[in-house]
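A quick write-up on the structure given underneath.
In UniProt numbering, the protein residues as written are 1 to 257.
Structural data, given as structure tokens:
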């Protein structure tokens, strides 16, 4: 039975029942797509890990991105995560790589000494605490990260919550550059990309909103059933629901070393 043959209620029920812990989106294969940024974050992250001695990955999620990197640092590798279900997944995914998982609620301060790491990475941090990143970086150390860009996926937000002003958030690349500089880091690379997202059935959207909770923070099927039905009808009519994610790659170095 194809997704198009399944009823609205069946797709909703299936998406509500599936486990959304970790940061693996393979359940969406064939049901949703998102263009990948052109710079290849995981590959570049691996290259830098291979040259590092002490490496910290902040907000590692379920550790899937780090686990998929073939390289490892010559010394210790540490990752932080704040959501308990993700911590268990990360421990399982990163055990073989020898990464120490530290439970951290992502509020300053980071539970590490000053000048501790020569590489700090983070893919899609909820918030980049620049003062703490700079503090735990060793002189000459590098912060390498792919951030969520401004107004990313606002089409999804607006479908459920209505119009909101764009261009006035805290995710602008220029703001990240300024914050890095204010905390003594030199930005050596900054790239931006806009990427097409498509959802081919309503179950994919329910799964996505359960997993990526900041799009519609109070999401539940019960609360938003009318909006979901309206989107289901849109997908049936148009073939998909389209939104655009925005990402930026930033690399910054601490002076000295």
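Where is the CB? At the ideal position from N, CA and C, for every residue including glycine.
Owing to the predicted nature of the structure, the values given are computational and were not obtained by experimental measurement.
By Cβ distance, which residues of its chain are closer than 6 Å to residue i, with the 5 residues on each side in sequence left out?
| i | result |
| --- | --- |
| residue 259 | Outside the shown range of the chain (1 to 257) lies residue 259, about which nothing can therefore be said. |
| residue 297 | Beyond the ends of the chain as shown, which are 1 and 257, falls residue 297; an answer cannot be given. |
| residue 144 | 48, 121, 251 |
| residue 194 | 244, 246 |
| residue 67 | 93, 94 |
| residue 235 | 241 |
| residue 10 | none |
| residue 71 | 46, 49, 50 |
Hey, quick one: how far does the beta strand (DSSP E) through residue i stretch, first residue to last?
| i | result |
| --- | --- |
| residue 71 | Taken as a continuous stretch (DSSP letters only), residue 71 belongs to no beta strand (DSSP E), as it is neither H nor E. |
| residue 191 | 185-199 |
| residue 117 | 117-123 |
| residue 32 | 32-34 |
| residue 58 | Note, residue 58: premise wrong, no beta strand (DSSP E); not H, not E. |
Apart from the five residues just before and just after residue i, which ones in its own chain have a Cβ nearer than 7 Å to its Cβ?
| i | result |
| --- | --- |
| residue 69 | 42, 45, 46, 49 |
| residue 65 | 42, 123 |
| residue 14 | 203 |
| residue 221 | 12, 16, 206, 228 |
Below 8 Å between beta carbons: does that hold for residue i and residue j?
| i | j | result |
| --- | --- | --- |
| residue 102 | residue 63 | no |
| residue 123 | residue 150 | no |
| residue 137 | residue 254 | yes |
| residue 134 | residue 183 | yes |
| residue 215 | residue 126 | no |
| residue 82 | residue 118 | no |
| residue 86 | residue 22 | yes |
| residue 36 | residue 201 | no |
Using a Cβ-Cβ distance cut-off of 8 Å, determine whether residue i contacts chain D.
| i | result |
| --- | --- |
| residue 10 | Of the protein chains in this structure there is only one, and it is not chain D. |
Got a sec? Which residues, its chain only, sit under 8 Å from residue i by beta carbon, not counting five neighbours each side?
| i | result |
| --- | --- |
| residue 166 | 150, 151, 154 |
| residue 27 | 18, 207 |
Which residue or residues does DSSP assign as beta-bridge partners of residue i?
| i | result |
| --- | --- |
| residue 148 | 247 |
Determine the extent of the alpha helix (DSSP H) in which residue i is found, giving its start and end residues.
| i | result |
| --- | --- |
| residue 205 | 202-211 |
| residue 126 | From DSSP, residue 126 is part of no alpha helix (DSSP H); its letter is neither H nor E. |
| Below 8 Å, can you find three or more Cβ-Cβ pairs linking the segment 76-95 to the segment 55-64? | Short answer: they touch.
| task | Determine, using beta-carbon pairs with one atom in the segment 113-122 and one in the segment 224-235, whether at least three such pairs fall under 8 Å. | result | No, they do not touch.
| task | Tell me, please, whether the segment 183-200 touches the segment 245-252 by the rule of three or more beta-carbon pairs shorter than 8 Å. | result | Below 8 Å, enough C-beta pairs join the segment 183-200 and the segment 245-252 to call them touching: three or more.
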